[in-house]
Amino acid sequence: MQLSTDEKRAFVNALEQAKRTTHPDLVIATRHYSDIFGPDGNTVEFENITIYNYFVWSHYYSVSKTFLGAGQASFGGVDFSHEGPGFLTWHRYHLLQLEQDMQDMLLDPSFALPYWNFAIGGNTCDICTDDLMGARSSFDMNSLSPNSVFSQWRVICESVEDYDTLGTICNSTETSPIRRNPAGNVNRPMVQRLPEPQDVADCLQVNTFDTPPFYSTSSESFRNTVEGYSAPQGNYDPIVRSLHNLAHLFLNGTGGQTHLSPNDPIFVLLHTFTDAIFDEWLRRHGSDLAVYPEENAPIGHNRGYNMVPFWPPVTNAEMFVTAPENLGYSYEAEWPGTPFTMTEIITIAIVAALVTVALIFAATTCAVRARSHKMEGHQPLLGDQYQRYDDDKGQSVV
1406 MQLSTDEKRA FVNALEQAKR TTHPDLVIAT RHYSDIFGPD GNTVEFENIT IYNYFVWSHY
1466 YSVSKTFLGA GQASFGGVDF SHEGPGFLTW HRYHLLQLEQ DMQDMLLDPS FALPYWNFAI
1526 GGNTCDICTD DLMGARSSFD MNSLSPNSVF SQWRVICESV EDYDTLGTIC NSTETSPIRR
1586 NPAGNVNRPM VQRLPEPQDV ADCLQVNTFD TPPFYSTSSE SFRNTVEGYS APQGNYDPIV
1646 RSLHNLAHLF LNGTGGQTHL SPNDPIFVLL HTFTDAIFDE WLRRHGSDLA VYPEENAPIG
1706 HNRGYNMVPF WPPVTNAEMF VTAPENLGYS YEAEWPGTPF TMTEIITIAI VAALVTVALI
1766 FAATTCAVRA RSHKMEGHQP LLGDQYQRYD DDKGQSVV
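Per the numbering used here: the sequence shown = residues 1406 to 1803.
Here it is as structure tokens:
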């Protein structure tokens, strides 16, 4: 992540300001539709919320369970922002909304969210430093360093059991501090390392945007691959967690829990890079809407569906476009190269061998000619006895 000291400071300060600044345009509902007017029928159940906490709340709402009524278990089978084609389009708009809100807050239309290239391999979080996203505390391996402003942040939307049993919705109440312990999940060794650069290269080679059943079990699906439910080469494997999912799980804390993850501001940088991969795929493979499923995807994920809970309404189709030409932003990114196939390796080896033989032959020929010219220049003329010409013939004889 190539930011200067001043750029890092400005970005961290902007996030801190967004965490403390009340959203000027939006409020959140704290009760379901049937109870939105409160117990007396006259008091609307809405609350103000800060700009960054709204970013967290909207993500929570998109994955929250459906309350079916008192005494009934809430239904958890609906996820508007994950495990379907809308994963990439939903999170793209989610980031755009935050960026635009922060531009308005800062009165700076040039403000832009940076990205974290998490595909660096290894077991070190290179942005977990006190001048950026917060180092690990030396007192508690699961906490942030007190030298980081983010150690003072408190999460929202933590009381999911209450929401599911009481029929309430996450409000703006802040509770626990951010938890983070990169590479610290000893019970799952596979999530103790970040994705590799080659994983991104392989993912970008998956040709089909999404495949039936348009879910987390889809195979040979670019969307399911970058989301991280398939291996980087595209094949579905129920054990595998790669790319986006692996980066979240690597953080091992608040950022690894779906309903809470945006509370850790690393979420922003992780998802801007995921969006950069998405935009590079669109650039390489085309953004024809026909490849985005029009039907049979999970609820909220079909092409023409509005993405929950954004307002004003926006469809998945509106975000399935290349960003520079249609959305007004771009990424400065260098993408890893593609490895050669075995056929290409064999072809290259044969061509290299032929070129080598040709060069050796050419060099040998030149050497022989050079020696011949050298000898001609130094030996005496042949004696007369070897130059008997027949006066009647135009050629020499010996």
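The beta carbon of each residue, even a glycine, is placed where N, CA and C say it ideally should be.
Predicted model only: the values in this text are computed from it and were never measured.
Residue i - partner residues in DSSP beta bridges
i	result
ASN1711	THR1720
PRO1582	ARG1559
LEU1549	ARG1541
THR1573	ARG1436
Check whether residue i and residue j have beta carbons under 7 Å apart
i	j	result
ILE1561	VAL1461	yes
PRO1352	ALA1652	With the chain covering only 1406 through 1803, there is no way to say anything about residue 1352.
THR1455	LYS1424	yes
HIS1649	THR1613	no
GLY1539	SER1553	yes
ALA1478	ASN1528	no
THR1427	ASN1453	yes
ASN1657	ASN1590	yes
GLY1481	PRO1703	no
TYR1498	VAL1719	yes
VAL1631	LEU1518	no
Nonlocal neighbours in the same chain, by C-beta distance under 8 Å from residue i, ignoring five residues either side
i	result
GLY1443	ARG1436, VAL1449, GLU1450
SER1692	PHE1725, VAL1726, THR1727
GLU1699	ASN1707, ARG1708, GLY1709
ARG1541	CYS1533, SER1548, LEU1549, SER1550, ARG1585, ASN1586, PRO1587
ASP1796	With a pLDDT of only 38 at ASP1796, under the threshold of 50, the placement of this residue in the model should not be trusted, and no figure is reported.
LEU1694	ARG1708, ALA1722, PHE1725
Neighbourhood of residue i by C-beta, 7 Å cutoff - its chain only, sequence neighbours within 5 removed
i	result
GLU1601	ALA1524, GLY1526
THR1622	TYR1641
ASP1376	This structure cannot speak to residue 1376, because the chain is shown only from 1406 to 1803.
TYR1568	SER1469, ILE1574, CYS1575
PHE1555	MET1538, GLY1539, LEU1549, ILE1583, PRO1670
THR1471	SER1479, PHE1480, VAL1483
Assumed close pair residue i, residue j - CB separation to whole angstroms, cut-off 8 Å
i	j	result
TYR1466	ALA1681	About 25 Å; that fails the 8 Å criterion.
GLY1476	PHE1485	In fact, because the Cβ distance is near 26 Å, the residues do not count as touching under 8 Å.
ILE1583	ASN1668	6 Å
TYR1697	ASN1721	7 Å
LEU1665	GLU1563	6 Å
ASP1604	LYS1413	About 27 Å; that fails the 8 Å criterion.
HIS1676	HIS1496	5 Å
ASN1701	PHE1619	6 Å
TRP1686	PHE1766	Actually they do not touch by this definition, with Cβ atoms about 46 Å apart.
Residues of its chain near residue i, where Cβ-Cβ distance is below 6 Å and the 5 sequence neighbours each way are ignored
i	result
GLY1633	ARG1646, SER1647, LEU1648, HIS1649, ASN1650, LEU1651
PRO1785	Only weak support is given to the placement of PRO1785: the predicted model assigns it a pLDDT of 41, under 50, and the value that follows is read from those uncertain coordinates. Counting only Cβ-Cβ distances below 6 Å, and skipping sequence neighbours, we find nothing.
Subject >> Continuous alpha helix (DSSP H) assignments of at least 4 residues falling wholly in the region 1407-1490 >> reply: Correct list: 1410-1425, 1456-1468.
Subject >> Segments assigned alpha helix (DSSP H), at least 4 residues, entirely inside the region 1633-1708 >> reply: 1648-1656, 1671-1690
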